[in-house]
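Residue numbers (numbering that gives the first Met the number 0), protein chains in the order written: chain V, 0 to 186; chain C, 0 to 311. Here is the structure we will look at, set down as structure tokens.
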Amino acid sequence: MAETYRRVLLNADAVRRSLARMALEILERNRGTQGLALVGIVRRGDRLARRIADHIRKAEGVEVPVGRLDITLYRDDLGRKGAPPPLGPTDIPFSLDDRMVVLVDDVLYTGRTVRAALDALVDLGRPRAIQLAVLVDRGHRELPIQPDYVGHAEPTRPEEEIEVRVGDDPSDDAVFLVEPGWDEGEV
Amino acid sequence: MEFQRKDLVAIEPLAPEEIVHILDTAEGFLEVSRREVKKVPALRGKTVVNGFFEPSTRTRLSFEIAEKRLSADTVNFSASTSSVKKGETLLDTVRNIEAMVPDAVVIRHGAAGAAEFVARRLGCSVINAGDGRHEHPTQALLDLFTIRRRKGRIEGLTVTIVGDIANSRVARSNIHALTKLGARVRVCGPPTMLPPQVERMGVEAYTRVAEAVAGADVVMALRIQKERLGRAVFPSDREYARVFGLNSRVLEGAAADAIVMHPGPMNRGVEITSELADGPRSVILEQVEHGVAVRMAVLYLLLGGGRSEWTS
């Protein structure tokens, strides 16, 4: 029986500091909150976008609009294998036109999710520009996509997994690296 | 819950969880129709043939809009303009359609069992858009979707269906779907329009509309289908309207927040008065809006996965 090893990359404090720094970087780069909006990719990116909006409110006293985006219908593997994936909610209660949109996701890996999200966003409106914020960049890109704001960069092996926990309570937030174990006979 | 069917031919074989899964999926598609760009690429590169061997306006339009909003390529085919008129059999027609390698065929046909017949012979997905007096599954799904959005649930509701129950595929599909999800279903119509032993379908039969509507949460009028009535089963339109027509006086006995439904097209002044159809209780146009979302959900669930996962 192979065992898996789970290592904490970021604990709740580290997640909070990363998100707070990313919020300040977003404010710095965009010179404040004018025209700014956050769109989180369902589901964990959606929760992270709300966390970042909280940090922006603490720093500037401004409520930045936050939307959530489900990219299922834009996936490039639909109709290829398995049962059709369940849909999540898309809810962007403001116009994207001429906004500076910061797309938020938990983990940046192949870049295919971000590609799908970019297509979905331009179907919903015409933002002035789109920036990308991710809590963890684990490398292994399959598309030419780069983040603008990164919480934590972790070089990984493809067989490893990044597990991000963002719950109702920020004090439970955490990021884990899950390494597959190996059978003793294999080594 | 995973939906792994090749076809949607009828409600009857579906498990309650499958029905709920389709309704849940449809929730996500409502938003697409409210966007500026009403299109998602989910079924890009898929071809859907709409084969309508019987007249239809709303259902065909609704399917076509649903297919186009999912980016599928659609081809329409109607009996009046095709070689069906030249005497081609249904089997030959579908074999020819199959040779063009579509991913799905939506079929409306006057014969009960036509959709099942085609589904068994085609390797692609088949969606029944109404087959004779048998079933009209997407209509029942959009009706349940509308009820659930208005009432927040299906279970425990009392739903009254008034009209030509015996000849109605809409009634049959709705009875199956509603009873599977735990609603109490009452049917009401002239004795000539109630199928024998209708109680075996798990419904209560009434011949007095006031009794059938009393306390109901949902009241659904069916269209009097003049084209399916070979012989006179009631004396006249006026007589039918007087005894079985829905109007605001009849609805006084229903629950205070009862909604009124009709699958369309309406015979105004026969099975339903204009006052009721256009009034605050009416959800008839919501049914039409929801039809697109529900059909998008069905197409997505049938075509959005891999073919190797299909179970017939």
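Yeah, the Cβ is synthetic: ideal placement off N, Cα and C, and Gly gets one too. Since the model is a prediction, treat every value here as computed from it, not as a measurement.
- Scanning the stretch 26-60 of chain V for uninterrupted beta strand (DSSP E) segments of 3 residues or longer gives 35-40, listed from N- to C-terminal end.
- Residue burial is scored here from C-beta neighbours: arginine 207 of chain C has fewer than 16 other C-beta atoms within 10 angstroms and is therefore classed as exposed.
- Exclusion of the five residues before and after isoleucine 258 of chain C leaves Arg149, Val217, Arg280 and Val282 as the residues of its chain whose Cβ lies within less than 6 Å of its Cβ.
- Close CB contacts of valine 149 of chain V within its chain, under the 7 Å cut and outside five residues either way in sequence, are with Val133 and Asp136 (chain order).
- In the three-state reduction of the DSSP assignment, phenylalanine 28 of chain C falls in the helix class, which pools H, G and I.
- In this structure, DSSP gives threonine 109 of chain V a state outside helix and strand, which the three-state scheme calls coil.
- Interface with chain V (7 Å Cβ-Cβ cutoff): threonine 73 of chain C is excluded.
- Alanine 119 of chain V sits in a helix when the DSSP states are folded into three classes.
- With contacts defined by Cβ atoms closer than 7 Å, alanine 165 of chain C and histidine 133 of chain C do not form a contacting pair.
- DSSP, reduced to helix, strand and coil, places leucine 284 of chain C within a helical segment of the structure shown.
- Here the stretch 2-10 of chain V lies against the stretch 169-180 of chain V, with 3 or more beta-carbon pairs under 8 Å apart.
- Within its own chain, the residues whose Cβ lies closer than 7 Å to the Cβ of leucine 37 of chain V, once the five positions on either side in sequence are excluded, are Ala48, Ile51, Ala52, Val63, Val65, Val101 and Val103, listed in chain order.
- Nearest neighbour of valine 39 of chain C by Cα position, chosen from V:Ser17, V:Thr89 and V:Arg140, turns out to be V:Thr89.
- As far as DSSP is concerned, cysteine 123 of chain C takes part in no beta bridge.
- Using beta-carbon distances, threonine 24 of chain C counts as an interface residue toward chain V, with a partner under 7 Å.
- According to the DSSP assignment, threonine 178 of chain C belongs to the alpha helix (DSSP H) that extends over 168-179.
- Using a C-beta cut-off of 8 Å, the stretch 161-178 of chain C makes contact with the stretch 137-147 of chain C, since at least three inter-stretch Cβ pairs fall below that distance.
- Apart from the 5 residues on each side of it in sequence, asparagine 29 of chain V sits with its Cβ closer than 6 Å to the Cβ of Leu35 and Met99 in its chain, given in chain order.
- Chain V places a beta carbon closer than 7 Å to that of valine 36 of chain C, counting this residue as a contact.
- For isoleucine 64 of chain C, the secondary structure class from DSSP, reduced to helix, strand or coil, is helix.
- Straight across, the Cα-Cα distance linking alanine 65 of chain C with arginine 5 of chain V is about 45 Å.
- Here the C-alpha atom of histidine 289 of chain C lies approximately 24 Å from the C-alpha atom of arginine 185 of chain C.
- DSSP, read as helix, strand or coil, puts alanine 132 of chain V in strand.
- Using a Cβ-Cβ cut-off of 7 Å, leucine 300 of chain C counts as an interface residue toward chain V, since at least one Cβ of chain V sits closer than that to its own.
- Cβ-Cβ distances below 8 Å link threonine 32 of chain V to Leu26, Ile55, Glu59, Val61 and Val63 in the same chain, with the five nearest sequence neighbours on each side left out; the list follows chain order.
- With a threshold of 7 Å between beta carbons, glycine 66 of chain V makes no contact with chain C.
- Annotation: the continuous alpha helix (DSSP H) that includes arginine 241 of chain C extends over 236-243.
- Look at the stretch 76-101 of chain V: the residues with a C-beta under 8 Å from a C-beta of chain C are Leu77, Gly78, Arg79, Lys80, Gly81, Ala82, Pro83, Pro84, Pro85, Leu86, Gly87, Pro88, Thr89 and Asp90.
- Take histidine 135 of chain C, set aside five residues on each side of it, and the residues of its chain with a beta-carbon closer than 6 Å to its own are Gly129, Arg168, Val169 and Ser172, in chain order.
- Three or more pairs of CB atoms, one per stretch, sit closer than 8 Å, so the stretch 118-127 of chain C contacts the stretch 82-101 of chain C.
- A direct Cα-Cα distance of roughly 22 Å separates leucine 301 of chain C from phenylalanine 52 of chain C.
- Burial state of glutamate 141 of chain V is exposed, judged by a 10 Å Cβ sphere holding fewer than 16 other Cβ atoms.
- Judged by DSSP in its simplified three-state form, arginine 185 of chain C adopts strand.
- In the DSSP annotation of this structure, the continuous segment of the beta strand (DSSP E) that includes valine 161 of chain C starts and ends at 157-161.
- Note that the stretch 31-49 of chain C touches the stretch 97-108 of chain C; at least 3 beta-carbon pairs, one per stretch, sit closer than 8 Å.
- When the beta-carbon positions are compared, leucine 86 of chain V and threonine 24 of chain C come within less than 7 Å of each other.
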